[in-house]
Each structure stands twice: as structure tokens, then as C-alpha cells.
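Undergrad: In the numbering used here, the protein residues as written are 2 to 264. Even glycine gets a Cβ: it sits at the ideal position worked out from N, Cα and C. Please see the structure below; I have some questions.
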Amino acid sequence: MSVTLHHRITGEGKPLLLLHGLFGSLENLGGINQRLQDSWQIHGLDLRNHGRSPHTDTMDYPRMAEDVVRYLDSQQIETASLIGHSMGGKTAMQVALSYPDRVDRLVVADIAPVTYKPRHDAILEGMKALDLATIKSRGEADKALEAHVETPEVRMFLLKNLVRVPESEKKDDGATFRWRLNLPVIEACYQNLADAPKGEGPFEGPVLFIKGENSAYIQKKHHDRIQTLFPAARVEEIPGTDHWLHAEKPDEFARLCRQFLQQ
């Protein structure tokens with residue numbers, strides 16, 4: 002069953018949806034939003050169980066694609082272009098494969114339409130291990146998370162999901178913070194998120210895959226699968242970037258998107 006997604010709309014022009022990655026929210030693509038809103042009406046979405054969108058007991062790409070199409074219907078948008086990073090990229094691919102008549106152009110950031118081995122075990126363990134009943138500051142949370150997640154930038158990203166509990170909602174455990182995302186369901190459904198999008202396609206419309214040069218998410222062995230599902234696709238690479246290419250080199254990422262979307 003689809004859910005109503007939290008969203009933010011900025012800019013004017015043809016509709017362009019931005020879909021974030023795992024553990025993220027619409028704010029993660031805010032820099033790209035700012036760089037493109039002069040030419041498009043940007044719809045930033047929080048995917049289910051993330052950000053301020055509803056929590057559900059299920060999470061897989063067909064349902065997440067249904068959420069996006071429900072959003073398009075609610076906004077009376079017949080067709081739109083989509084930019085999706087990582088999990089958001091797989092969701093965008095699922096929309097294109099399942100509802101091809103709703104997608105004009107598709108940009109997929111550093112993810113392929115394949116099944117991946119688990120890559121987030123340490124992150125999930127660290128987030129679960131955080132004792133929210135005793136944490137009194139973000140600094141304490143960061144220090145506790147360090148035992149599981151070494152990279153400061155990744156911890157900073159994850160801790161954006163840690164929000165203060167309003168006084169009116171505090172419980173007997175005295176917890177000051179809580180996770181905004183639905184961590185138990187994300188963990189329970191993790192294999193669904195590691196899986197490839199469903200459907201054999203193809204989506205015949207124009208597709209741009211953007212790869213981070215130092216990232217292993219899009220490999221040469223994936224190109225055949227990309228071409229099978231998206232025969233009009235091409236792959237571009239941003240030098241000196243990893244999986245977070247849109248944050249590492251936002252000007253170059255936005256330039257590639259603009260060039261492709263305006264063709």
C-alpha cells in the first residue's frame with residue numbers, strides 16, 4: 002500500500018523529482034536543488050521510513066515506486082524527470098520500469114540495477130547500539146557511534162537522523178533523542194533494498210548514469226544489465242569522487258544533470 006510522502010517544492014519549470022539514498026532525506030540533495038531550481042520545479046521527497054515521511058512495516062522498490070507515483074498523482078503531474086542517488090536511484094529506476102509513461106528523463110547517481118552484497122552492517126549495528134536513554138548531546142552520540150563508524154563525515158550524515166524528543170512527547174525512559182527514520186524496518190527490509198529493481202523493462206527513454214570515479218557501485222560488469230534495462234542509457238564519470246559524488250563535487254554533478262535534462 003502506498004503512503005503520502007513528505008515533500009518540498011521549489012523553483013519553476015518542468016517538474017523534477019529528487020530521491021535521496023539510504024539513511025538520508027530530501028535535505029541531502031539540497032545543494033543540487035539550489036543549482037537546478039532556476040530551470041525546473043524541484044520536488045524533493047522523503048522516501049518512506051525516512052525523513053518526515055510515514056513509517057511503514059514494509060519497504061521494497063515496487064512499493065516505493067508506488068509512493069512516488071501516488072505523489073505525482075497528488076500533484077497532478079502527468080510526467081516528470083527524476084534524479085535518484087543510491088537507494089533513491091534504484092527507486093527512480095523502478096518507477097521508470099514499472100510506470101514508463103510517467104518518466105521523461107532519468108538520472109541515476111552511483112548505483113546500478115543489480116543486487117549488492119550487504120554493505121551497511123556496521124552502520125546498522127552502530128545505530129542500534131546507541132543508547133538513546135542515556136545520550137544527552139550529539140557529541141556523546143558521535144563518540145559512541147565512532148566505535149562502529151570510523152569516518153567522521155559518515156557519522157555526521159547518520160546523526161542528522163537523530164532528533165530531540167519534544168517535551169510533550171517524552172516517555173518514562175527519559176530519552177532526549179530519538180531516530181527520525183524507522184530503523185527497525187530498514188534493518189528488517191535491508192535485503193529488499195540491496196536487491197535490484199524488479200521488472201525486465203526495458204525503459205526506452207533517455208537515462209544518464211553518473212558514476213563516482215573511486216566508487217565501486219557501478220562497474221564494467223554492470224554495463225550489460227544497464228543496457229538491457231535502459232537501452233538509451235549512457236554512463237558519465239566524475240573524477241576524484243566516491244559514492245557521495247553529488248556532495249563532493251556538486252557543481253560538476255549539477256552541470257551534467259542540467260546538460261542531460263535540457264537535451
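Judging by CA-CA distance, which residue of Gly-140, Arg-156 and Ser-138 is the nearest neighbour of Glu-126?
TA: Counted from its first residue, the sequence shown places residue 126 at position 125. Taking only the C-alpha atoms, the option nearest Glu-126 is Arg-156.
Undergrad: Kindly provide the ranges of any alpha helix (DSSP H) runs that are 4 or more residues long and lie completely inside the segment 135-219, ordered along the chain.
TA: Qualifying alpha helix (DSSP H) stretches, in chain order: 139-146, 153-159, 184-189 and 191-195.
Undergrad: Are three or more beta carbon pairs between the segment 87-101 and the segment 122-142 nearer than 8 Å?
TA: No: the two stretches stay apart, fewer than three of their Cβ pairs being nearer than 8 Å.
Undergrad: Out of Val-70, Asp-58, Tyr-191 and Glu-151, which has the shortest C-alpha to C-alpha gap to Pro-101?
TA: Counted from its first residue, the sequence shown places residue 101 at position 100. Minimum Cα distance to Pro-101 is reached at Val-70.
Undergrad: State yes or no: is the C-beta of Arg-103 within less than 8 Å of the C-beta of Pro-207?
TA: Here residue 103 corresponds to residue number 102 of the sequence shown, with the count starting at 1. Here residue 207 corresponds to residue number 206 of the sequence shown, with the count starting at 1. No.
Undergrad: For the putative contact between Gly-14 and Ser-40, defined by C-beta atoms under 8 Å, what is the C-beta separation to the nearest angstrom?
TA: Counting from 1 along the sequence shown, the entry for residue 14 is found at position 13. Counting from 1 along the sequence shown, the entry for residue 40 is found at position 39. About 5 Å; that satisfies the 8 Å criterion.
Undergrad: Tell me, please, which residues DSSP counts as bridged to Val-236.
TA: One-based indexing of the sequence shown puts residue 236 at position 235. DSSP lists Phe-210 as partners of Val-236.
Undergrad: Say whether the segment 239-258 touches the segment 134-153, bearing in mind that this needs 3 or more beta-carbon pairs closer than 8 Å, one atom from each stretch.
TA: No, they do not touch.
Undergrad: When you compare each of Ile-219, Glu-79 and Asn-29 to Leu-160 by their alpha carbons, which one comes out closest?
TA: For the purposes of this step, residue 160 is taken as the residue at position 159 of the sequence shown. It is Asn-29 whose Cα lies nearest to the Cα of Leu-160.
Undergrad: State the Cα-Cα distance for the pair Gly-90 and Ile-112, rounded to the nearest angstrom.
TA: Reading the sequence shown from its first residue, position 89 is the one you call residue 90. Reading the sequence shown from its first residue, position 111 is the one you call residue 112. Going by the C-alpha atoms only, they are around 6 Å apart.
Undergrad: Could you tell me the distance, in whole angstroms, from the CA atom of Ala-130 to the CA atom of Arg-179?
TA: Here residue 130 refers to the residue found at position 129 when the sequence shown is read from its first residue. Here residue 179 refers to the residue found at position 178 when the sequence shown is read from its first residue. Rounded to whole angstroms, Ala-130 to Arg-179 spans 13 Å at the Cα level.
Undergrad: What distance in whole Å lies between the Cβ atoms of Ala-110 and His-247, which are believed to be in contact at a cut-off of 8 Å?
TA: Start at 1 with the first residue of the sequence shown, and residue 247 comes out as number 246. Start at 1 with the first residue of the sequence shown, and residue 110 comes out as number 109. Confirmed, Cβ separation roughly 6 Å.
Undergrad: Where Thr-177 and Arg-165 are concerned, what is the direct C-alpha to C-alpha distance, given to the nearest angstrom?
TA: In the sequence shown, counting from the first residue as 1, residue 177 sits at position 176. In the sequence shown, counting from the first residue as 1, residue 165 sits at position 164. Going from the Cα of Thr-177 to the Cα of Arg-165 covers about 6 Å.
Undergrad: With a threshold of 7 Å on Cβ separation, who are the neighbours of Leu-73 within its own chain once the five nearest residues in sequence on each side are excluded?
TA: Working through the sequence shown from its first residue, we reach residue 73 at position 72. Within the same chain, Leu-73 has close Cβ partners Ala-81 and Arg-103.
Undergrad: Could you check whether Arg-9 and Leu-27 sit closer than 8 Å to each other, using their CB atoms as the reference points?
TA: Locating residue 27 in the sequence shown gives position 26, counting from the first residue. Locating residue 9 in the sequence shown gives position 8, counting from the first residue. Yes, these two residues count as a Cβ contact at 8 Å.
Undergrad: At the level of alpha carbons, what is the spacing between Glu-168 and His-56?
TA: Position 167 of the sequence shown, counted from the start, is the residue given in the question as residue 168. Position 55 of the sequence shown, counted from the start, is the residue given in the question as residue 56. C-alpha separation (whole angstroms): 22 Å.
Undergrad: Does DSSP classify Pro-16 as helix, strand or coil?
TA: Counted from its first residue, the sequence shown places residue 16 at position 15. In the structure shown, Pro-16 sits in a strand (DSSP, three-state: E or B).
Undergrad: Would you mind stating whether Leu-1 and His-51 have Cβ atoms separated by less than 8 Å?
TA: Since the first and last residues shown for the chain are 2 and 264, residue 1 lies out of range.
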